[in-house]
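S.K.: My structure is below; once you've seen it, I'll send some questions.
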Amino acid sequence: MRSGASLSRAGLLALLLLVLASVVVVLSFLLDDPGKVQLPGADRSAARPATGPANSSPGAPESLPAATRATLPTTRNASAEPELRRPPTLLAGIVVREDGTPVQGAEVLLLEREADGFWPVDLEYTRRQTERARTRTGTDGRYAFPVPRARAMRLRVRAEGFAPHEELDRFGGQEVRIVLRPGATLSVAAVDATTRTPVRDVLVRGVRQMSATTSLLVCEGTTDARGVFRAADVAPGPIQLLIATPAARIQYRRVALEAGRSVHEEVLLDGTGGVHGQVTDATTGAPIARAEVGDSAAFARSVRSDDQGRYVLPGSVPPGHAEVHVRAQGYATAIRVLDGAPEAAVDVALAPAGGVRGRIVDPSGARPQHAYAAAAAVLQLRMHVVHGDWLPATIADDGSFIITGLAPDRDYCIHARAPGLGSRTYRLPRRIGAGEVFPAGDVVLRPAAIVEGRIEDQDGGALADIEIELRGTNADLAAWAPSALAEASPPLTHVVQTWRRASDAEGRFAFGDLSAGRYSLWAVPAGGTPRCGLEIDLRDGEVREGVRIVLEQGRPIAGVVVDQHGVPVPRGHVHAAGEQGASAYAAIGADGRFRLAGLPDATYRIDVLNLPDALVAACVRDVKSGTSDLRVVALEAAWIEGKVVDAKGQPRPGLWVSAVDPADRGAIVRGETTGEGGSFRLKVLPGGSYTVHAVDRGMPMMRAELKDVPAGARGLVLRFR
Numbered sequence: 003m004r005s006g007a008s009l010s011r012a013g014l015l016a017l018l019l020l021v022l023a024s025v026v027v028v029l030s031f032l033l034d035d036p037g038k039v040q041l042p043g044a045d046r047s048a049a050r051p052a053t054g055p056a057n058s059s060p061g062a063p064e065s066l067p068a069a070t071r072a073t074l075p076t077t078r079n080a081s082a083e084p085e086l087r088r089p090p091t092l093l094a095g096i097v098v099r100e101d102g103t104p105v106q107g108a109e110v111l112l113l114e115r116e117a118d119g120f121w122p123v124d125l126e127y128t129r130r131q132t133e134r135a136r137t138r139t140g141t142d143g144r145y146a147f148p149v150p151r152a153r154a155m156r157l158r159v160r161a162e163g164f165a166p167h168e169e170l171d172r173f174g175g176q177e178v179r180i181v182l183r184p185g186a187t188l189s190v191a192a193v194d195a196t197t198r199t200p201v202r203d204v205l206v207r208g209v210r211q212m213s214a215t216t217s218l219l220v221c222e223g224t225t226d227a228r229g230v231f232r233a234a235d236v237a238p239g240p241i242q243l244l245i246a247t248p249a250a251r252i253q254y255r256r257v258a259l260e261a262g263r264s265v266h267e268e269v270l271l272d273g274t275g276g277v278h279g280q281v282t283d284a285t286t287g288a289p290i291a292r293a294e295v296g297d298s299a300a301f302a303r304s305v306r307s308d309d310q311g312r313y314v315l316p317g318s319v320p321p322g323h324a325e326v327h328v329r330a331q332g333y334a335t336a337i338r339v340l341d342g343a344p345e346a347a348v349d350v351a352l353a354p355a356g357g358v359r360g361r362i363v364d365p366s367g368a369r370p371q372h373a374y375a376a377a378a379a380v381l382q383l384r385m386h387v388v389h390g391d392w393l394p395a396t397i398a399d400d401g402s403f404i405i406t407g408l409a410p411d412r413d414y415c416i417h418a419r420a421p422g423l424g425s426r427t428y429r430l431p432r433r434i435g436a437g438e439v440f441p442a443g444d445v446v447l448r449p450a451a452i453v454e455g456r457i458e459d460q461d462g463g464a465l466a467d468i469e470i471e472l473r474g475t476n477a478d479l480a481a482w483a484p485s486a487l488a489e490a491s492p493p494l495t496h497v498v499q500t501w502r503r504a505s506d507a508e509g510r511f512a513f514g515d516l517s518a519g520r521y522s523l524w525a526v527p528a529g530g531t532p533r534c535g536l537e538i539d540l541r542d543g544e545v546r547e548g549v550r551i552v553l554e555q556g557r558p559i560a561g562v563v564v565d566q567h568g569v570p571v572p573r574g575h576v577h578a579a580g581e582q583g584a585s586a587y588a589a590i591g592a593d594g595r596f597r598l599a600g601l602p603d604a605t606y607r608i609d610v611l612n613l614p615d616a617l618v619a620a621c622v623r624d625v626k627s628g629t630s631d632l633r634v635v636a637l638e639a640a641w642i643e644g645k646v647v648d649a650k651g652q653p654r655p656g657l658w659v660s661a662v663d664p665a666d667r668g669a670i671v672r673g674e675t676t677g678e679g680g681s682f683r684l685k686v687l688p689g690g691s692y693t694v695h696a697v698d699r700g701m702p703m704m705r706a707e708l709k710d711v712p713a714g715a716r717g718l719v720l721r722f723r
């Protein structure tokens, strides 16, 4: 949930993509590697990342299959840059120390994760990794690998006396300079909050955020008998720690690691509270045994229901709001939003599901290597909080696939992809009923189209480390759907057909795995709104070179967030919204400081989001870009609590409830979706009065309203008619 005024259309799209990216990042953060946190009774089977053949001979990398050749002539923009200095099928570079001295004998591994740059809500797929080749640097510190054109690769470097180093989203034609540094030492002590005694077997996982959609596991392990976890030779830089135990909710902590230094953290674990209930069949009412119940879409902490469908998920309800996710074979996944009480009783009725079958083939009719498919739909739980219902396919040797778990009340699309071939997405023509299996037929993946280009400033200078976002879909997206649906916005297309890549030191970027269709390219400054949209039309197998994006550099807004006593607030995000649609996001650092970058010259409204549950901050208006000393004060929050009922007094779950401040130009201060009992809890600024609205998003003309509601009011009843 967010405080703040309504966003512009561009800002809302950026926010939606940010939320979805956050979901993907959190999921990969929870399960970047096997070792998922499970409670007694959970299914402990987990797929291991695939590994390919390795060649450890110094200076002799394993050869890769040649990149798919274009079946159509290569095209070039009129503004094309001079020919690249390195071929687009060679990834090369140098490994050096901090002083620039080459490192001889460093081991360099070439790795591929097929999901890199993609947005799937599929943990097993995001972990699927293959070692493509390995080599060692020579006396000059250099390395080189042949690679498929425009395909994202990872480089992992190890050398004695240095912390391991990993580079993501690297592609052919790049010169990648890797600087090795001594590692840091991290220790974490887990202590029971009640007894103050050490807690053993607590999972500690450290993850470094590499981009909006990718994160990197840098350390992992469990606490010993003394309640201590220790990791040496961790790569320096900021990381986020996940601390989890079956008896307490997951905690997160941000830590900054410095080369050659040690950092110690103490974590208090509170195992009180939890969720319990029963899982039943929504049609028959019969209990469902072995249903999996977790506290996130990752099911990172999960339990299984017993023979009577009953479950107990301890310590899983954090302050504020929480979710319970439930799934079982043959049923649609259900999500319940909790009100944040320390302990909750949640009964869940699962709806029987449908399925889809079909076949994935290449133009010759054979199954492509490493083929992947999934059904996807959008679930919006409350304003700006969305989940992707992502259902992976089981694919046989002949390419035939089956997808189960389709909810009868959701609209799905089918997405299919394979390395070297163009990804394709198709909208299902209708909703699939319970027990029905829809025959989708063949999904033919054709040779991939490729886009290569450069991003630069208005003076022609290269812009490094700018994320480039490519959006679009295959032209025959609605081939399965009736003509009336051809223009409708497909479910989850912005996820399954959005890719991101960071520009290299020379401003270059590349995208592959595209199908014939129309695409747009956007520059995404750190935390900012996508800018400089450029549309291109592609044919299957086409290679589009020399695409040029010019990004005018904006000015930052920087400052600090403090509480009413002047103490920095070390958590949350800051959002800037301009009148012309420009916006930016930035995380608040451990010192309370923030920096919103790349803003065009204008004035902005500044909102502070995701603060600790006891704090709330008023928006700051008319802040000019270039401001460097903005000070935002967060106050102790007040709450407005109540429920929404219909004309007969029955609870109305799933309605959007918001608190509007009439004194602040009608700004929405807080909003959320009502829970199972029609209840809501809105965090607002202390003092003042608010107008509380309840709206059915499917029928926006129907609403309920209470005016002049004071901050701190409880027991409100909104009658929705």
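One point on numbering: in my numbering, the residue at position 476 of the sequence shown is 478, and numbering is uninterrupted. Even for Gly, the Cβ is constructed at its ideal location relative to N, Cα and C.
Under three-state DSSP, which class holds L125?
M.R.: Numbered from 1 along the sequence shown, position 123 holds the residue referred to as residue 125. Helix.
S.K.: Which one of G714, G673, T128 has the shortest CA to CA distance from Y374?
M.R.: Walking along the sequence shown from the start, residue 374 turns up at place 372. Considering only alpha carbons, the answer is T128.
S.K.: Using a Cβ-Cβ cut-off of 6 Å (strictly less than) and excluding sequence neighbours within five positions of D203, which residues of its own chain qualify?
M.R.: By one-based count along the sequence shown, residue 203 stands at place 201. Around D203: T224.
S.K.: Suppose you measure from the CA of R183 to the CA of A146; what does that come to, to the nearest Å?
M.R.: Stepping through the sequence shown from its first residue, residue 183 is reached at position 181. Stepping through the sequence shown from its first residue, residue 146 is reached at position 144. Cα to Cα, R183 sits roughly 21 Å from A146.
S.K.: Should P421 be labelled buried (16 or more other beta-carbon atoms within 10 Å of its own) or exposed?
M.R.: Walking along the sequence shown from the start, residue 421 turns up at place 419. Under this definition P421 is a buried residue.
S.K.: Please work out which residues of its chain come closer than 6 Å, Cβ to Cβ, to A507, disregarding the five sequence neighbours upstream and downstream, and give them in chain order.
M.R.: The count along the sequence shown starts at 1 and reaches residue 507 at position 505. Same-chain partners within the cutoff: A466.
S.K.: Give every residue of the same chain whose Cβ lies closer than 6 Å to the Cβ of V326, excluding the five residues on either side of it in the sequence, and list them in chain order.
M.R.: As a working note, residue 326 is residue 324 in the sequence shown. Cβ within range, chain order: V277, R338, V348.
S.K.: Given a threshold of 16 other Cβ atoms within 10 Å of its Cβ, counted over all protein chains shown, does D542 qualify as buried or as exposed?
M.R.: To locate residue 542, count along the sequence shown from 1; it is residue 540. Buried, by the Cβ-count rule.
S.K.: What do you reckon, are the CB atoms on L687 and A640 nearer than 8 Å?
M.R.: Here residue 687 refers to the residue found at position 685 when the sequence shown is read from its first residue. Here residue 640 refers to the residue found at position 638 when the sequence shown is read from its first residue. Yes, these two residues count as a Cβ contact at 8 Å.
S.K.: According to DSSP, is D666 part of a helix, a strand, or is it coil?
M.R.: What you label residue 666 is simply residue 664 of the sequence shown in a count that begins at 1. Helix at D666.
S.K.: Under three-state DSSP, which class holds M155?
M.R.: Taking the first residue of the sequence shown as 1, we reach residue 155 at position 153. Strand at M155.
S.K.: Pair every Cβ in the region 108-124 with every Cβ in the region 186-198, then say whether three or more of these pairs are closer than 8 Å.
M.R.: The region 108-124 vs the region 186-198: no contact.
S.K.: Evaluate T676 with the Cβ neighbour count: other Cβ atoms within 10 Å of its Cβ, from every protein chain shown; 16 or more gives buried, anything less gives exposed.
M.R.: If you number the sequence shown from 1, residue 676 lands on position 674. Result: buried.
S.K.: Under a three-way DSSP split, which group does C724 fall into?
M.R.: The structure shown does not extend to residue 724, since the chain is modelled only from 3 to 723, so the question has no answer here.
S.K.: Between V549 and I538, how many whole angstroms is the CB-CB distance? I'm expecting something under 8 Å.
M.R.: What you label residue 549 is simply residue 547 of the sequence shown in a count that begins at 1. What you label residue 538 is simply residue 536 of the sequence shown in a count that begins at 1. Indeed, because the Cβ distance is near 7 Å, the residues count as touching under 8 Å.
S.K.: Using 8 Å as the cut-off, can you tell me whether the region 706-721 makes contact with the region 640-655, which would need three or more C-beta pairs spanning the two stretches below that distance?
M.R.: With a cut-off of 8 Å, the region 640-655 and the region 706-721 count as touching, because enough Cβ pairs lie within range.
S.K.: Pair every Cβ in the region 436-447 with every Cβ in the region 133-141, then say whether three or more of these pairs are closer than 8 Å.
M.R.: No, the region 436-447 is not in contact with the region 133-141.
S.K.: What residues are listed by DSSP as bridge partners for S681?
M.R.: Counting from 1 along the sequence shown, the entry for residue 681 is found at position 679. In the DSSP output, where bridge partners are listed per residue, S681 has K645.
S.K.: To the nearest angstrom, report how far apart V265 and L259 are at their CA atoms.
M.R.: Locating residue 265 in the sequence shown gives position 263, counting from the first residue. Locating residue 259 in the sequence shown gives position 257, counting from the first residue. In a straight line, the C-alpha of V265 is about 7 Å away from that of L259.
S.K.: Buried or exposed, going by whether 16 or more other CB atoms sit within 10 Å of the CB of V569?
M.R.: The residue labelled residue 569 in the question sits at position 567 within the sequence shown. Classification of V569: exposed, given that the 10 Å Cβ count is below 16.
S.K.: Would you mind working out which of R473, T199, L516, F301 sits nearest R2, comparing C-alpha positions?
M.R.: Outside the modelled stretch of the chain, which goes from 3 to 723, sits residue 2, for which no answer is possible.
S.K.: For E114, name the three-state secondary structure that DSSP assigns.
M.R.: The residue labelled residue 114 in the question sits at position 112 within the sequence shown. The answer is strand: DSSP assigns E114 an E or B state.
S.K.: Assuming V646 and F682 form a contact by the criterion Cβ under 8 Å, report the distance between their Cβ atoms to the nearest whole angstrom.
M.R.: Translated into the one-based positions of the sequence shown, residue 646 becomes position 644. Translated into the one-based positions of the sequence shown, residue 682 becomes position 680. So it is a contact: roughly 7 Å between Cβ atoms.
S.K.: From this set, I416, H167, L553, M155, which residue's C-alpha is nearest R359's C-alpha?
M.R.: Locating residue 359 in the sequence shown gives position 357, where the first residue counts as 1. Among I416, H167, L553, M155, the Cα nearest to that of R359 is on I416.
S.K.: Could you give the distance in angstroms between the alpha-carbon of D461 and the alpha-carbon of Y414?
M.R.: Start at 1 with the first residue of the sequence shown, and residue 461 comes out as number 459. Start at 1 with the first residue of the sequence shown, and residue 414 comes out as number 412. Between D461 and Y414, the C-alpha separation is close to 45 Å.
S.K.: Tell me the DSSP bridge mates of N1?
M.R.: Any answer about residue 1 is impossible in this case: the structure gives the chain only from 3 up to 723.
S.K.: Where do the N-terminal and C-terminal ends of the beta strand (DSSP E) with L244 fall, by residue?
M.R.: For the purposes of this step, residue 244 is taken as residue 242 along the sequence shown, with counting starting at 1. That run of the beta strand (DSSP E) goes 239-247.
S.K.: Tell me which residues share the same chain as S630 and place their Cβ nearer than 6 Å to its Cβ, disregarding the 5 neighbours each side in the sequence.
M.R.: Within the sequence shown, the letter at position 628 stands for residue 630. Excluding sequence neighbours, S630 sits near A560.
S.K.: Taking buried to mean at least 16 other C-beta atoms within 10 Å of its own C-beta, is G102 buried or exposed?
M.R.: Taking the first residue of the sequence shown as position 1, residue 102 is located at position 100. With fewer than 16 other Cβ atoms within 10 Å, it is exposed.
S.K.: Which partner residues does A661 have in the DSSP bridge list?
M.R.: As a first step, residue 661 is located in the sequence shown; it is residue number 659 there, counting from the start. A661 pairs with R672, V694.
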